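**Q** Respectively, the protein sequence lines represent chains H and U.
Just so you know, numbering that gives the first Met the number 0 puts 95 at position 96 of the first sequence, and the rest follows in order with no gaps.
Just so you know, numbering that gives the first Met the number 0 puts 205 at position 206 of the second sequence, and the rest follows in order with no gaps.
All C-beta atoms, glycine included, are put in the ideal place defined by N, C-alpha and C.
Bear in mind that the values here come from a model prediction, so they are computed numbers and not experimental data.
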Amino acid sequence: MSRAWLVIVAAVVLLPVVVRHAIATEIWIFAIFGLGLNLLLGYTGLLSFGQSTFFGSAAYVAGYLLKQYGINVFVVLAIGVVVGAVSAALVGYLCVQRSGLYFIMLTFALNQMFYFIAYQWTSVTGGEDGMPGIGRPAVLGVDFRQPLAYYVFVAALFLVSLWVMKRIVESPLGKILQAIRENEVRALSVGYNAPRLKLLAFVIGGAFSGLAGVLYAMLFGIVPLEAIGFVFSGNVVFATLIGGSGSLYGPVIGSFVFIWLSESVSVVWARWPLLLGVAFVIVVLFFRGGCVEAWARFWSWRAARRARVVPANADGAP
Amino acid sequence: MALLNIENLSKAFGALTAVNGVTLEVQPGSLYSIIGPNGAGKTTLFNLLTGQLPPTSGRIVFDGQDITGTPAHRIAHLGIARSFQRTNLFPALSLLDNVWVAAFARGRSWRGLAWRRTDRFHEVTERALAALGDVGLSEKAHQLARQISHGEQRQLELALALAAAPRLLLLDEPAAGLSPDETQKMVALVRGLKGRYTIVLIEHKMDIIMGVSDRIAVMHFGSVIAEGTPAEIQRNAEVRRAYLGGMAAG
Ligand SMILES: Nc1ncnc2c1ncn2[C@@H]1O[C@H](COP(=O)(O)OP(=O)(O)OP(=O)(O)O)[C@@H](O)[C@H]1O
Ligand SMILES: [Mg+2]
């Protein structure tokens, strides 16, 4: 197991000791959401500004099934993953032929469309009031209403998700998506149907978003209308960029920073988004690779300093 | 039988006919060169062959099969690979990943596309390394494509085409922008490929191709104005006129 995994497992164990269980749980849910986005954003170079479409759709469907039928949690999760993937296939199909600003605007516009459907369809979604009363049925005798039990469940699913995403980005597909990001014309020329593969990235990212959406609905017992709104889509982009879109672990770190800031600082200071804005500006100006790059640069800076100090001493030079 | 037949192929951009009724035949195993002044339509001809652009009229037959209008991403799978006149790589990927991606596209099977680790695809990795070796870039395999020199990027450009194990290799001015030394190296490289692949080579400079080509076609304003062996081309008065005029302008 690599050092990154040791750090993450340690964080999984320590987090519920340090922060409220709900926040700790939300961090890993948001991290799953970010992993899905980053396959598009970091690996394929597609800035999707509509990820909450898949997150929210899955949350509503799962919430409805849990409320009405109280079906098995694993079945609900599987359905959520499918809903996320299918909605992403729909949106992706319309978007992958576009590029640049058109692509971003289209993901955003389709997100708005889903938002207005949820807003209008009050009999099912509850409109502005959200869809409340979602339970967490027990699994194998474990009572998920216990915050810690649910935390452990979510953290385990996060670790599985991270492992799955690691396999995906280390597979040929991971390389091919990066090649498409780097140069779509050449990727076509060497034999890849770039739009089709981008669609695949959408579907995989949508599946991750769907999983996150269901876990989110179960965490708070409600699907708020915001769960399918553009602010939510923006937040996951934001968090991923702050963490570092160039690496597998970037969105995980980003989720940590983002949720922790928004939940902790917002209590004491209502203008906390300002802080996020500042963090974002710093990232854009100095660390395009987010926290991950800042960290790597810090270590190479230290190593360089050491290297300079050592020979100076050895020579006895001033 | 010819490996490639181009029959009366044309491409018009509005009023400009960039490729005008071109007919040629490339025999398997041969090195076929296309020369001509700037704007003669050489690159456009390649763009038609590789599906980057649809032709206005005419036919392209590859290995007895009509491939006119086949989209770009399917062409590679038929066994046609090209290099570009303007370097066209994956800048932030390592040299090995650049060729690996090109090699994988033509792999025997895409099973495990999204799940198997890339180092498990031995055959693909071997082909990728061999392509880097062919152009003399093995030592730099783990550097990023954007970090190497222009000359090396031109070599990598060629390696991407080789990694696909093509049956037909289309090289668009592989020596473009190279210094005289680098050009010599590239000429030697292309000479080394001769016989291993069927090659169509676009080149600007007459002197380079006279020694290596089996046959030469001269393009001018979209049309083939002469076709034949290097000796025949050298003797052709029309070529001399077109070429001297074109070169003086360019
Ligand atoms: N996509 C396009 N749209 C419009 N005109 C084009 C397009 N591509 C090429 N042309 C025009 O077609 C003509 C032929 O261009 P082409 O690039 O094929 O020439 P070439 O023989 O490769 O020249 P060079 O030696 O400079 O590479 C030029 O006049 C060019 O401006
Ligand atoms: Mg050209």
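1. Skipping 5 residues on each side, what residues in its chain have a beta carbon closer than 8 Å to that of H:Val256?
2. Looking at ligand 1, does it come within less than 7 Å of U:Thr42, judged from the CB to the closest heavy atom?
3. Output the distance between the C-alpha atoms of H:Leu214 and H:Thr43, rounded to the nearest integer angstrom.
4. Report yes or no: is there a C-beta of chain H within less than 8 Å of the C-beta of U:Asp171?
5. Could you name the residues that DSSP lists as bridge partners for U:Glu226?
6. Check whether the Cβ of H:Gly190 lies closer than 8 Å to any Cβ atom in chain U.
7. Is it true that the stretch 54-68 of chain H meets the stretch 179-196 of chain H, where meeting means three or more beta-carbon pairs spaced less than 8 Å apart?
8. Counting only beta-carbon atoms, is U:Pro90 nearer than 8 Å to chain H?
9. Output needed in chain order: residues of the stretch 177-189 of chain H with a Cβ under 7 Å from some Cβ in chain U.
10. Run through chain B and tell me which residues come within less than 7 Å of H:Arg166, C-beta to C-beta.
11. Please name the residue, chosen from U:Arg195, U:Ala1, U:Leu143, that lies closest to U:Thr22 on a Cα-to-Cα basis.
12. Can you check DSSP and say which residues form a bridge with U:Ile59?
13. Are the C-beta of H:Pro136 and some C-beta of chain U separated by less than 8 Å?
14. Does DSSP put H:Arg180 in a helix, in a strand, or in coil?
15. Where does U:Lys41 land, buried or exposed, given buried means 16+ other C-beta within 10 angstroms?
16. Using a C-beta to C-beta distance shorter than 7 Å, which residues of chain H count as neighbours of U:Leu159?
17. Which chain U residues are close to H:Ile175, counting only those with a beta carbon under 9 Å from its beta carbon?
18. Please state whether DSSP places U:Gln64 in a helix, a strand or coil.
19. Of the residues that make up the stretch 46-62 of chain U, which ones have a beta carbon closer than 9 Å to any beta carbon in chain H?
20. Keeping to the same chain, check which residues put their C-beta closer than 6 Å to that of U:Asp133; ignore five residues upstream and five downstream.
21. Do H:Ala88 and H:Leu218 have their C-beta atoms closer together than 8 Å?
22. By the DSSP assignment, the beta strand (DSSP E) with U:Ala17 in it spans what residues?
23. Would the beta-carbon of H:Ala226 fall within 8 Å of that of H:Ser86?
24. Which stretch, first to last residue, makes up the beta strand (DSSP E) that contains U:Thr182?
25. Tell me the DSSP secondary structure of U:Thr86 in three-state form.
26. I'd like to know whether the C-beta of H:Pro171 is nearer than 8 Å to at least one C-beta of chain U.
27. Short of 7 Å in beta carbon distance, which residues of its chain neighbour U:Asn4, apart from the five on each side in sequence? Order them along the chain.
28. Thinking C-alpha only, which one of H:Gly134, H:Leu161, H:Val90 is nearest H:Ala61?
29. Where does H:Ser122 fall in DSSP's three states?
30. Excluding the 5 residues flanking U:Arg153 on each side, which residues of the same chain have their C-beta closer than 8 Å to its C-beta?
31. U:Arg85 CB to nearest chain H CB: under 8 Å?
32. Could you tell me the alpha carbon to alpha carbon distance between H:Val235 and H:Val163, rounded to whole angstroms?
33. List the residues of chain H that U:Thr117 touches, going by C-beta distances under 9 Å, in chain order.
34. How many whole angstroms separate the CB atoms of H:Trp27 and H:Ala186, which I take to be in contact at a CB cut-off of 8 Å?
35. List the residues of chain H that U:His76 touches, going by C-beta distances under 8 Å, in chain order.
36. Would you please verify whether the beta carbon of U:Asp96 is less than 8 Å from any beta carbon of chain H?
**A** Taking the geometry as given:
1. Ala238, Ile241, Gly242, Ala278, Cys290.
2. Judged by the Cβ position, U:Thr42 qualifies as a neighbour of ligand 1 at the 7 Å threshold, a heavy atom of the ligand being closer than this.
3. A direct Cα-Cα distance of roughly 26 Å separates H:Leu214 from H:Thr43.
4. Not closer than 8 Å to any Cβ of chain H, the Cβ of U:Asp171 fails to qualify, so no.
5. Answer is U:Ala216.
6. It does; some Cβ of chain U falls within 8 Å.
7. Judged by Cβ distances under 8 Å, the stretch 54-68 of chain H makes no contact with the stretch 179-196 of chain H, as fewer than three pairs qualify.
8. Yes, contact with chain H.
9. Those would be Gln177, Ala178, Glu181, Asn182, Val184, Arg185, Leu187, Ser188, Val189, in chain order.
10. Here chain B cannot be found, since the structure's protein chains are H and U.
11. Cα-wise, what sits closest to U:Thr22 is U:Ala1.
12. U:Ile59 is bridged to U:Ile5.
13. No, H:Pro136 does not count as interfacial toward chain U.
14. The answer is helix: DSSP assigns H:Arg180 an H, G or I state.
15. Counting other Cβ atoms within 10 Å of its Cβ, U:Lys41 reaches 16 or more and is therefore classed as buried.
16. Simply Val189.
17. Correct list: Val100, Phe103, Ala104, Leu112.
18. Reduced to three states, the DSSP call for U:Gln64 is strand.
19. Here the close residues are Thr49, Gly50, Gln51.
20. Taken in chain order, the residues that qualify are Leu161.
21. No, the pair does not count as a contact, with Cβ atoms beyond the cut-off.
22. For U:Ala17, the enclosing beta strand (DSSP E) starts and ends at 15-25.
23. For the pair H:Ala226 and H:Ser86, the CB atoms are not nearer than the 8 Å cut-off.
24. Per DSSP, U:Thr182 belongs to no beta strand (DSSP E); it is in the alpha helix (DSSP H), 179-192.
25. In the structure shown, the three-state DSSP call for U:Thr86 is coil.
26. Yes, H:Pro171 lies at the interface with chain U (some Cβ there is under 8 Å from its Cβ).
27. Same-chain partners within the cutoff: Glu24, Val60.
28. Ranking the options by Cα distance to H:Ala61, first place goes to H:Gly134.
29. If DSSP states are grouped into helix, strand and coil, H:Ser122 belongs with the helices.
30. Closer than 8 Å at Cβ, skipping near neighbours: Thr86, Pro173, Ala174, Ala175, Gly176, Leu177, Glu181, Met185.
31. Chain H, which has no Cβ nearer than 8 Å to the Cβ of U:Arg85, makes this no.
32. Looking at the two C-alpha atoms, the distance is approximately 20 Å.
33. Per Cβ cutoff of 9 Å: Glu169, Ser170, Pro171, Gly173, Lys174.
34. With a Cβ gap of about 34 Å, H:Trp27 and H:Ala186 do not count as contacting.
35. Using a Cβ-Cβ cut-off of 8 Å, U:His76 is close to Gly190 of chain H, given in chain order.
36. Flagged as an interface residue toward chain H: U:Asp96, by a C-beta distance shorter than 8 Å.
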